[in-house]
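>
Chains as they are written, first to last, in our numbering: chain A, 1 to 115; chain B, 1001 to 1115.
1) Would you say residue 45 of chain A lies against chain B (beta-carbon separation less than 7 angstroms)?
2) Take residue 73 of chain A and list the residues in its own chain whose beta-carbon comes closer than 7 angstroms to its own, dropping the five residues that flank it on each side.
3) Between which two residues does the beta strand (DSSP E) holding residue 31 of chain A run?
4) CB residue 106 of chain A to CB residue 29 of chain A, shorter than 7 angstroms?
5) Relative to the C-alpha of residue 1094 of chain B, which residue among B/1017, B/1006, B/1072 and B/1016 is closest?
6) Compare the C-beta of residue 54 of chain A against all C-beta atoms of chain B and say whether one is closer than 7 angstroms.
7) Under 7 angstroms Cβ to Cβ from residue 1020 of chain B, same chain only, skipping five residues before and after it: list those, please.
8) Within 10 angstroms of its Cβ, does residue 1040 of chain B collect 16 or more other Cβ (buried), or is it exposed?
9) Helix, strand or coil: how does DSSP classify residue 67 of chain A here?
10) What's the C-alpha gap between residue 115 of chain A and residue 19 of chain A?
11) Consult DSSP for residue 1084 of chain B and reduce its assignment to one of helix, strand or coil.
12) Check whether the Cβ of residue 1011 of chain B lies closer than 7 angstroms to any Cβ atom in chain A.
13) According to DSSP, simplified to helix, strand and coil, what is residue 72 of chain A?
Written out as structure tokens, the structure is:
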């Protein structure tokens, strides 16, 4: 069975601090896909990134960066110089191989960025 | 840009009522999904559809049914609403890749309150 663990339920930082959101996954598939979504207070899940299991390159997009490490089954997300608009719930999700369409979501991390 | 819309942002219904939640996507996606989101439980898949008139049960299908008569529209039906179905309902769509590889794009969500 697949599993995604986001151990940090809530994180609170002050604006301009860097913050890392942890994601640890479990799967028996050799091919799988990892995602991060952002859910602001409005409720809509916004897609941030998709990574397949064969691509371990780290990715940077503006203030966002992702660190994928197969050796530790982790796909962590870092926000540099956080801003109040980054306040949201962030979800990590795992999609598996085979004919399974399903995404397995972590329970999310609530990030609050205070001015 | 992918656009997924849901018929209502907020809905209040009475116990025993039949409730229809509608979802429409404009990207010609084959796959469509219904999730519910509850505090502490994260996102749970109710049903998904990989083609018109095709559906498969997710993790928590009890008390729900779905309908997909047209490719762009996926309806979630609560035959007889109960208070434990008070929740946030999220619709998503994706391209036809299996294996959870394709990015799911989400609608804004419907907050349903059953009294």
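From the three backbone atoms N, C-alpha and C, an ideal C-beta is built for every residue, glycine too.
On the basis of the coordinates in this document:
1) Closer than 7 angstroms: yes.
2) The answer, listed in chain order, is 24, 25 and 26.
3) Segment: none, residue 31 of chain A is in no beta strand (DSSP E) and carries neither H nor E.
4) no
5) B/1072
6) no
7) 1075 and 1077
8) exposed
9) strand
10) 15 angstroms
11) helix
12) no
13) helix
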